[in-house]
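Engineer:
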Amino acid sequence: MGRKAEVQRMLLERLMGPEAFGSATATLHFTDPKVCRNFLCGTCPHDLFSNTKVDLGVCPKSHTPKYKDEYQAALLKGERFPQFEKEHEQNIFSFISDIDRKINANKRRLEQTPEEIARFANMNREISEIEAALAAAMAEVESLGEQGMIDESLAELQKAEALKEEKAAKERELHQLQENSGASGHQKLRVCDICGAYLSILDSDRRLADHFGGKMHLGYLRLREMIREFEDRRRDPNAPPMGAPAKMLNGTKASASSTTAPMDLSNGGPLEEGETRPDRQHDIDQERYKRDEQRRESRLSRDDHLDGRRDDEGRKRGIASVS
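Structure representation (structure tokens):
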């Protein structure tokens with residue numbers, strides 16, 4: 001089976017269930033290693049980054065919804081699966097470690113090369129030598145003038161003026177080299193601390209907003225939020241298991257005897273069968289919290305980037321005023 005056909009089959013199995021093809025996974029138990037632990041416990045990165053530049057493709061493990069239903073039913077009965085949670089944490093930490101390595105590598109690419117560093121040192125040394133010669137020439141001009149040696153003093157003054165011009169030329173050359181140094185060149189790139197993408201200080205606010213609101217950036221932002229959630233769980237001995245259903249998080253038991261879905265006009269629609277008002281409100285609160293956190297993180301990242309752009313522009317103006 002070709003790669004394209006294999007991906008299509010996996011997508012159809014995910015939508016229709018493995019039974020649609022008579023797949024062997026139709027008889028799996030949710031504890032089988034072929035079932036995705038990330039999917040059971042929360043979020044699978046394969047779903048998080050679909051149709052982005054870092055698309056991981058279809059997850060090789062099963063994401064069949066009935067396995068999550070079975071897993072949640074087992075949790076409601078009091079069963080616990082610490083190994084699932086441990087594997088889920090390790091997978092998420094691995095993804096974050098990979099992107100952090102990429103971020104550090106991208107930042108290193110923007111740093112000055114050893115050749116550039118040596119060239120800066122040489123030019124600064126040359127400028128220092130010119131400044132010393134200029135100071136000596138001006139002292140000689142003053143000394144000759146005091147002795148009444150006007151012609152000699154004027155000749156020395158011409159040498160001093162030539163040294164001033166040479167110093168100004170060297171400083172302009174150094175400034176130009178600083179402008180073009182590093183792999184960023186005129187683009188003046190910076191690295192996003194969330195997803196590792198390159199950002200230009202020349203980007204418009206709209207383009208920056210598109211980046212910080214993009215699926216890839218928000219995907220890595222979600223993974224970082226999950227890392228913080230893992231840390232919070234370790235500090236809370238009463239934390240519910242990962243992937244627990246809303247009714248378990250609320251400490252309420254949904255009633256399955258109702259055949260008519262009650263209306264909840266305050267929350268914008270009918271409650272699903274077995275869903276209580278606290279369930280609906282919890283889901284709404286959780287979604288609102290996630291959106292607020294994503295906006296806050298994106299705003300902080302964008303503000304850091306804009307601050308860096310303003311600092312860079314300020315340095316340019318400072319160097320220009322000195323030269």
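For the sequence shown, position 287 (counting from the first letter as 1) is numbered 287 according to this note's numbering, and the numbering increases by one without interruption.
Backbone N, C-alpha and C define an ideal beta-carbon position, used for all residues, glycine too.
Predicted model, so just to flag it, every value in this text is computed and none were measured.
(1) Closest by CA to residue 213, which one among 40, 36, 47 and 52?
(2) Here's the rule: buried if 16 or more other CB atoms are within 10 angstroms of the residue's CB, otherwise exposed. What is residue 37?
(3) Using 10 angstroms around the beta-carbon of residue 247, count the other beta-carbons present and answer buried if the total reaches 16, otherwise exposed.
(4) Is residue 35 closer than 9 Å to residue 61 when the C-beta atoms are compared?
(5) Looking at residue 195 and residue 157, is the spacing between their C-beta atoms short of 9 Å?
(6) Hey, quick one: how far does the alpha helix (DSSP H) through residue 200 stretch, first residue to last?
(7) For residue 199 and residue 30, I'd like the C-alpha separation in whole angstroms.
(8) For residue 91, collect the residues of the same chain with a Cβ closer than 7 Å to its Cβ; drop the 5 residues on either side in sequence, then sort them by chain order.
(9) How is the alpha helix (DSSP H) around residue 208 delimited, first residue to last?
(10) Classify residue 141 as helix, strand or coil using the three-state DSSP reduction.
(11) With distances taken from CA atoms, which of 233, 174, 105 and 217 is nearest residue 117?
(12) 9 Å is my cut-off, CB to CB: does residue 36 come that close to chain C?
(13) With a Cβ-Cβ cutoff of 9 Å, do residue 72 and residue 243 count as a contact?
(14) Rounded to the nearest angstrom, how far is the Cβ of residue 27 from that of residue 226, given a contact under 8 Å?
(15) Taking a contact to mean a Cβ-Cβ separation below 9 Å, would you say residue 241 touches residue 80 in this structure?
(16) Alpha helix (DSSP H) containing residue 190: first to last residue?
(17) Have a look at residue 176 and residue 110 and give me their C-alpha separation to the nearest angstrom.
(18) Would you tell me roughly how many angstroms separate the C-alpha atoms of residue 105 and residue 127, rounded to the nearest one?
(19) Under DSSP, the alpha helix (DSSP H) around residue 226 begins and ends at which residues?
(20) In the DSSP assignment, what are the bridge partners of residue 62?
(21) With burial defined as no fewer than 16 other Cβ atoms inside 10 Å of the residue's Cβ, what is the status of residue 169: buried or exposed?
(22) Classify residue 69: buried if its beta carbon has 16 or more other beta carbons within 10 angstroms, exposed otherwise.
(23) If you draw a straight line from the C-alpha of residue 95 to the C-alpha of residue 219, how long is it?
(24) Is residue 163 near residue 152, with beta carbons less than 9 Å apart?
(25) So which of 228, 224 and 192 has the shortest CA-CA distance to residue 211?
(26) Alpha helix (DSSP H) containing residue 328: first to last residue?
(27) Express the C-alpha separation of residue 172 and residue 119 in angstroms, rounding to a whole number.
(28) Check residue 131 in the structure and name its three-state DSSP category.
(29) Quick one: what's got a C-beta closer than 7 Å to residue 88's C-beta in the same chain, skipping five residues either side?
(30) Pick from 48, 129 and 133: whose alpha carbon is nearest that of residue 224?
(31) Can you name, in chain order, every residue of its own chain whose Cβ lies under 6 Å from the Cβ of residue 233, other than the five neighbours on each side?
Structural biologist: In this structure, then:
(1) Checked all of 40, 36, 47 and 52; the closest Cα to residue 213 is 52.
(2) Per the 10 Å Cβ criterion, buried.
(3) Buried is the call here.
(4) One thing to note: residue 61 has its Cβ within 9 Å of the Cβ of residue 35.
(5) no
(6) Where residue 200 is concerned, there is no enclosing alpha helix (DSSP H), although the beta strand (DSSP E) it sits in stretches over 198-200.
(7) 42 Å
(8) 38
(9) 205-212
(10) helix
(11) Among 233, 174, 105 and 217, the Cα nearest to that of residue 117 belongs to 174.
(12) Here chain C cannot be found, since the structure has a single protein chain.
(13) yes
(14) Between residue 27 and residue 226, the beta carbon gap of about 31 Å keeps them out of contact (Cβ cut-off 8 Å).
(15) If you check the CB distance, residue 241 and residue 80 come in under 9 Å.
(16) No alpha helix (DSSP H) contains residue 190, which is instead part of the beta strand (DSSP E) from 189-191.
(17) The alpha-carbon separation between residue 176 and residue 110 amounts to approximately 17 Å.
(18) 33 Å
(19) 215-235
(20) 35
(21) exposed
(22) Residue 69 comes out exposed.
(23) If I take the Cα positions, the gap works out to 11 Å.
(24) Their beta carbons are not under 9 Å apart, which means residue 163 does not touch residue 152 by this criterion.
(25) 192
(26) As shown, the chain starts at 1 and ends at 323. That puts residue 328 outside it, with no answer to give.
(27) Straight-line Cα distance between these residues: approximately 14 Å.
(28) helix
(29) Annotation for residue 88: 37, 38, 41, 42 and 242 place their beta carbon closer than 7 Å to its own, counting only its chain and skipping 5 residues before and after.
(30) Nearest to residue 224 by alpha-carbon distance, out of 48, 129 and 133, is 48.
(31) 239
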